[in-house]
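Residue numbers (the numbering used here), protein chains in the order written: chain A, 66 to 184; chain B, 66 to 184; chain C, 66 to 184; chain D, 66 to 184; chain E, 66 to 184; chain F, 66 to 184; chain G, 66 to 184; chain H, 66 to 184; chain I, 66 to 184; chain J, 66 to 184. All C-beta atoms in this analysis are idealised placements derived from N, C-alpha and C, irrespective of residue type, glycine included.
Protein chains: 10
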Amino acid sequence: MGEISRDIIETFLNPYPKRDYLIETFCPEFTSMCPKTGQPDFGSLTISYVADQKCFELKSLKLYLQQFRNHGAFYENVTNLILDDLVAATDPRQMKIVAEFTPRGGIRTTVTTEHRAED
Amino acid sequence: MGEISRDIIETFLNPYPKRDYLIETFCPEFTSMCPKTGQPDFGSLTISYVADQKCFELKSLKLYLQQFRNHGAFYENVTNLILDDLVAATDPRQMKIVAEFTPRGGIRTTVTTEHRAED
Amino acid sequence: MGEISRDIIETFLNPYPKRDYLIETFCPEFTSMCPKTGQPDFGSLTISYVADQKCFELKSLKLYLQQFRNHGAFYENVTNLILDDLVAATDPRQMKIVAEFTPRGGIRTTVTTEHRAED
Amino acid sequence: MGEISRDIIETFLNPYPKRDYLIETFCPEFTSMCPKTGQPDFGSLTISYVADQKCFELKSLKLYLQQFRNHGAFYENVTNLILDDLVAATDPRQMKIVAEFTPRGGIRTTVTTEHRAED
Amino acid sequence: MGEISRDIIETFLNPYPKRDYLIETFCPEFTSMCPKTGQPDFGSLTISYVADQKCFELKSLKLYLQQFRNHGAFYENVTNLILDDLVAATDPRQMKIVAEFTPRGGIRTTVTTEHRAED
Amino acid sequence: MGEISRDIIETFLNPYPKRDYLIETFCPEFTSMCPKTGQPDFGSLTISYVADQKCFELKSLKLYLQQFRNHGAFYENVTNLILDDLVAATDPRQMKIVAEFTPRGGIRTTVTTEHRAED
Amino acid sequence: MGEISRDIIETFLNPYPKRDYLIETFCPEFTSMCPKTGQPDFGSLTISYVADQKCFELKSLKLYLQQFRNHGAFYENVTNLILDDLVAATDPRQMKIVAEFTPRGGIRTTVTTEHRAED
Amino acid sequence: MGEISRDIIETFLNPYPKRDYLIETFCPEFTSMCPKTGQPDFGSLTISYVADQKCFELKSLKLYLQQFRNHGAFYENVTNLILDDLVAATDPRQMKIVAEFTPRGGIRTTVTTEHRAED
Amino acid sequence: MGEISRDIIETFLNPYPKRDYLIETFCPEFTSMCPKTGQPDFGSLTISYVADQKCFELKSLKLYLQQFRNHGAFYENVTNLILDDLVAATDPRQMKIVAEFTPRGGIRTTVTTEHRAED
Amino acid sequence: MGEISRDIIETFLNPYPKRDYLIETFCPEFTSMCPKTGQPDFGSLTISYVADQKCFELKSLKLYLQQFRNHGAFYENVTNLILDDLVAATDPRQMKIVAEFTPRGGIRTTVTTEHRAED
Numbered sequence: 066m067g068e069i070s071r072d073i074i075e076t077f078l079n080p081y082p083k084r085d086y087l088i089e090t091f092c093p094e095f096t097s098m099c100p101k102t103g104q105p106d107f108g109s110l111t112i113s114y115v116a117d118q119k120c121f122e123l124k125s126l127k128l129y130l131q132q133f134r135n136h137g138a139f140y141e142n143v144t145n146l147i148l149d150d151l152v153a154a155t156d157p158r159q160m161k162i163v164a165e166f167t168p169r170g171g172i173r174t175t176v177t178t179e180h181r182a183e184d
Numbered sequence: 066m067g068e069i070s071r072d073i074i075e076t077f078l079n080p081y082p083k084r085d086y087l088i089e090t091f092c093p094e095f096t097s098m099c100p101k102t103g104q105p106d107f108g109s110l111t112i113s114y115v116a117d118q119k120c121f122e123l124k125s126l127k128l129y130l131q132q133f134r135n136h137g138a139f140y141e142n143v144t145n146l147i148l149d150d151l152v153a154a155t156d157p158r159q160m161k162i163v164a165e166f167t168p169r170g171g172i173r174t175t176v177t178t179e180h181r182a183e184d
Numbered sequence: 066m067g068e069i070s071r072d073i074i075e076t077f078l079n080p081y082p083k084r085d086y087l088i089e090t091f092c093p094e095f096t097s098m099c100p101k102t103g104q105p106d107f108g109s110l111t112i113s114y115v116a117d118q119k120c121f122e123l124k125s126l127k128l129y130l131q132q133f134r135n136h137g138a139f140y141e142n143v144t145n146l147i148l149d150d151l152v153a154a155t156d157p158r159q160m161k162i163v164a165e166f167t168p169r170g171g172i173r174t175t176v177t178t179e180h181r182a183e184d
Numbered sequence: 066m067g068e069i070s071r072d073i074i075e076t077f078l079n080p081y082p083k084r085d086y087l088i089e090t091f092c093p094e095f096t097s098m099c100p101k102t103g104q105p106d107f108g109s110l111t112i113s114y115v116a117d118q119k120c121f122e123l124k125s126l127k128l129y130l131q132q133f134r135n136h137g138a139f140y141e142n143v144t145n146l147i148l149d150d151l152v153a154a155t156d157p158r159q160m161k162i163v164a165e166f167t168p169r170g171g172i173r174t175t176v177t178t179e180h181r182a183e184d
Numbered sequence: 066m067g068e069i070s071r072d073i074i075e076t077f078l079n080p081y082p083k084r085d086y087l088i089e090t091f092c093p094e095f096t097s098m099c100p101k102t103g104q105p106d107f108g109s110l111t112i113s114y115v116a117d118q119k120c121f122e123l124k125s126l127k128l129y130l131q132q133f134r135n136h137g138a139f140y141e142n143v144t145n146l147i148l149d150d151l152v153a154a155t156d157p158r159q160m161k162i163v164a165e166f167t168p169r170g171g172i173r174t175t176v177t178t179e180h181r182a183e184d
Numbered sequence: 066m067g068e069i070s071r072d073i074i075e076t077f078l079n080p081y082p083k084r085d086y087l088i089e090t091f092c093p094e095f096t097s098m099c100p101k102t103g104q105p106d107f108g109s110l111t112i113s114y115v116a117d118q119k120c121f122e123l124k125s126l127k128l129y130l131q132q133f134r135n136h137g138a139f140y141e142n143v144t145n146l147i148l149d150d151l152v153a154a155t156d157p158r159q160m161k162i163v164a165e166f167t168p169r170g171g172i173r174t175t176v177t178t179e180h181r182a183e184d
Numbered sequence: 066m067g068e069i070s071r072d073i074i075e076t077f078l079n080p081y082p083k084r085d086y087l088i089e090t091f092c093p094e095f096t097s098m099c100p101k102t103g104q105p106d107f108g109s110l111t112i113s114y115v116a117d118q119k120c121f122e123l124k125s126l127k128l129y130l131q132q133f134r135n136h137g138a139f140y141e142n143v144t145n146l147i148l149d150d151l152v153a154a155t156d157p158r159q160m161k162i163v164a165e166f167t168p169r170g171g172i173r174t175t176v177t178t179e180h181r182a183e184d
Numbered sequence: 066m067g068e069i070s071r072d073i074i075e076t077f078l079n080p081y082p083k084r085d086y087l088i089e090t091f092c093p094e095f096t097s098m099c100p101k102t103g104q105p106d107f108g109s110l111t112i113s114y115v116a117d118q119k120c121f122e123l124k125s126l127k128l129y130l131q132q133f134r135n136h137g138a139f140y141e142n143v144t145n146l147i148l149d150d151l152v153a154a155t156d157p158r159q160m161k162i163v164a165e166f167t168p169r170g171g172i173r174t175t176v177t178t179e180h181r182a183e184d
Numbered sequence: 066m067g068e069i070s071r072d073i074i075e076t077f078l079n080p081y082p083k084r085d086y087l088i089e090t091f092c093p094e095f096t097s098m099c100p101k102t103g104q105p106d107f108g109s110l111t112i113s114y115v116a117d118q119k120c121f122e123l124k125s126l127k128l129y130l131q132q133f134r135n136h137g138a139f140y141e142n143v144t145n146l147i148l149d150d151l152v153a154a155t156d157p158r159q160m161k162i163v164a165e166f167t168p169r170g171g172i173r174t175t176v177t178t179e180h181r182a183e184d
Numbered sequence: 066m067g068e069i070s071r072d073i074i075e076t077f078l079n080p081y082p083k084r085d086y087l088i089e090t091f092c093p094e095f096t097s098m099c100p101k102t103g104q105p106d107f108g109s110l111t112i113s114y115v116a117d118q119k120c121f122e123l124k125s126l127k128l129y130l131q132q133f134r135n136h137g138a139f140y141e142n143v144t145n146l147i148l149d150d151l152v153a154a155t156d157p158r159q160m161k162i163v164a165e166f167t168p169r170g171g172i173r174t175t176v177t178t179e180h181r182a183e184d
């Protein structure tokens, strides 16, 4: 199964670091593999954060997320792993990820996870 | 009428137990029997929780909920019973269930119940 | 004009009185008479409450509300009267009624009223 | 149960009788009684017609329809009876009624009936 | 698996047999069993017909459809079987059934089937 | 009550007269007066036409329609009068007006009228 | 330009003055004139308040608002003036007005203003 | 890039071959690769057909479509190729595919293609 | 004002020229200039066509449409000009353009124009 | 690339400076250029503020925003720059801008930034 490398994520300098403002990025074309059944999973990610010194660059985010295309992982793992990687890359004041997956067996799951910088 | 066994619910270890994050599961295909009229009731359940050490496994959740298919119970009972069973199985930090039932006699009912672990 | 009797409302014992949980009942088929014009009014009621010892039974609620079919009363009166009657019948921990009436003369009115048990 | 009189329906002269044009009237506040259960039914009527010499007056239409408030009849009867009465009152080139009733026992019914003047 | 009896369907005399008019019945609470997996399927049925001498009675329709609750059959079979049974019971001028099933494996299926009386 | 002058409508030359193409103009801010009650009526107009040699200019259309602001007329009259005036001004190959009025007394009316050039 | 008189607003005694409850009135058919261009503006008002001793009567509210039909004023003025007038007429515990105006030059404006009685 | 094999598609016997009826299958989780940019494309397929002797089996359809996950092809090719393969596998009386792709560069594309058996 | 060159439009060979199938392209980000006021106009284009030998390439379509960004033209002209240019570039069996422009002065316009190859 | 001048923004005196009230302006027709690709970006701005002594005039706001039409800047820069300019022009008690951009590469971004006057 495909490896996930966080080194793909590029950043640029936050142009307004003195102001707390919110950047929300919606990625409706997320897909990964179910490690149990080997079947593809589909979903959408909403990543919102207050940058400190670094913002992630959108094209590199897309390439980072495409690594999951042939990667097997459970919903809870995927969502928290992406949070860990984006926090490591940008060291934000706060960041939240909402991952909504399409129905399987008539059941639909959403995972919401959040990071806050320690003061 | 069918018995409900909570032993059906399987769990797996929470992969990120150090972080408080929210798992929301939406089950739109719930059906039970009205104990008064013997007629089927239909509804949807939204189960959201912050796991502690254990997460419930989705396929076993589906099988657990299918037990209600031929089980007679009132809305208030069904919703609180499911909460009790899922809390017993996963011992979460908090859990909330919203059960929306389809209209009967021109009246539609929603029951919302919640559990919080004692600190 | 028709009299309103609160004695019609039947109750059953709250099956989970130790837990504060919310029961929401949506009644989209409410109709009464305008006391000024004698014309029918139409609307929907959303009754949500945290039961203490008693829950109202849905069929009796329907019959109670049908008494307004030929009863004349203004919006503000109707909504608060229903709150008074349901509180008297069930003595809840809290109860809220939102009554949305259809447009008259291009104007639409919603009345929201609430009861909280004294601690 | 209440009698239905078609004499209530007032008409006015079609101001543009030379042109075939469509008048559509939507009445979302229709209510009658179920003859079997004695319970109220609710629905909406869409009446569309091409007038010949006469148009029905809207206030009188409202009063005509209010007669059904305490009148017992099945869906199929109600819809065709209203068509018969409005055709008798206005003698239109064509007229169609779509009656959508709210759900009963989890089932929703729509009746569509039509009249065309013989050439 | 449960047997399906069409004898449950009761009819009443079409009150307006001289006029071709359309009766549409929407049943959003249909459920059957998948014969392959033994899992429940869910869907909604829209039955529309032009009655000849007989209309089906709604309560008996509901009981007829409830027979499928523990009956195993594929989508294509279920839809055509219900058409056959309702045609046998009411001998309509025409009848159409649209059955929409909820997603399985990320795929959603709708079956549409129709009967026309031979002239 | 205000007079309606069709002379206000300005036109420009159809830039593509050899091709039959459709221009649809939606005017959601129409208001006139009810001649019976003296109360304002509100609605929206959808004017669609295939121009021959002339198109109406939008600003002049707006000023033309504003004349109805203090003008009293019934729905059927208003709609057909506007059709007559726009046909007189532009002599189109075909033109259709759909006028949707907001609810009065719980009843909503739409008038649809059409003109076709004689071949 | 038309004068606005607040004396038109009639009131009736609040039937439940001991209870704080919310009355929300939605008026989608508001129109005034732009003082700069002389063109009509259109919008909707949502007036919500907790009455003290007096409620405003709906028909008189409609007549009060119709005064703006030929009155020129900017959005910010109109909204605050209506608040002042309704507060003067009913002396409520609190009142809020949300005025949403339709787009002009591709830009849409909403003004929200609020009054709270001094304790 | 991945090869596409139509041999994966399994069929079963049409249970009602004497009746022309429509089977519509909606697959919202389709993904392929752009042959030009190497980037993933996403879309949904609606496949509707009137079967003759054979229906395609849904699980095998899913596996067939998953072959496109790492396959590069333009929209027009993909849609017509799937039509060719499904027609070859089931030899239907008629079949239509509507493929809606998500936006690229601010532009969204839908391809619709159809097969009819020669009489 | 900017010139419009149709030479920018690139094409590729229709991969399935023997089959009549429909390609629909939705461009929600169209903007041009009003020649009268010098103000920007905004709108969306839906271009649908049955290709003969040539399909237009999407990136070149985008660049072609961007030429209108600083080009002044009326709605009717813009829409028909784009049709002429795309027909000249691809010589399709048929092509239709629906151009929906955002409201100006409270009025919204849609232009629909169509080309059919002569047989 | 085009320069942005904040001097274009005209203001008028806040007519109700003693009351804190909210003015919300929605501008769905915003467009700028991507500095990296030279391609146009599209989006909508929601500007909401509590004015102190000055309100911005809508026509001048439109002209100010049109300067971005041929100006290259990243989302985060654009949004914060507009906030800076509007704060400089009107010195409000508080102001918030929500900028929603249309999808690029399957990813959609929203930037939210806020200013509060120091007390």
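At a C-beta separation below 7 Å, Phe-139 (chain A) has no neighbours in chain H, since its nearest C-beta there lies roughly 18 Å away. For Lys-161 (chain B), there are no C-beta contacts with chain A under 9 Å, since the nearest C-beta of that chain is about 13 Å from it. Only buried fits Pro-157 (chain I), as 16 or more other CB atoms lie within 10 angstroms of its CB. Under the DSSP assignment, Tyr-129 (chain A) falls in the alpha helix (DSSP H) whose first and last residues are 123-131. In terms of beta-carbon proximity, Phe-107 (chain I) lines the interface with chain J, with at least one pair separated by less than 7 Å. Among the residues of chain E, none has a CB under 8 Å from the CB of Val-152 (chain D); the nearest is roughly 11 Å distant. DSSP lists A:Ile-172 as the bridge partner or partners of Arg-169 (chain A).
At least one beta carbon of chain A lies nearer than 7 Å to the beta carbon of Glu-94 (chain H).
In the structure shown, Ala-182 (chain E) adopts coil according to DSSP, grouped into three states. Residue environment for Pro-82 (chain D): exposed (fewer than 16 other C-beta atoms within 10 angstroms of its C-beta). Glu-94 (chain G): member of the beta strand (DSSP E) spanning 87-98, first to last residue. Taking C-beta separations shorter than 7 Å and ignoring five residues to either side along the sequence, the partners of Glu-122 (chain B) in its chain run Glu-75, Thr-76 and Phe-77, following chain order. The Cβ-Cβ distance between Leu-110 (chain I) and Ala-164 (chain I) falls below 7 Å.
When the alpha-carbon of Arg-173 (chain E) is set against those of H:Arg-71, H:Thr-177, H:Glu-89 and H:Leu-130, the nearest one is in H:Glu-89. Inter-residue distance for Gly-171 (chain H) and Val-143 (chain H) is about 21 Å (C-alpha atoms, whole angstroms). A Cβ-Cβ distance of about 5 Å is found for the pair Asn-145 (chain F) and Thr-178 (chain F), placing them in contact under the 8 Å criterion. Residue pairing by DSSP puts Phe-77 (chain A) in a beta bridge opposite A:Cys-120.
Taking C-beta separations shorter than 6 Å and ignoring five residues to either side along the sequence, the partners of Tyr-129 (chain A) in its chain run Ile-73 and Ile-74, following chain order.
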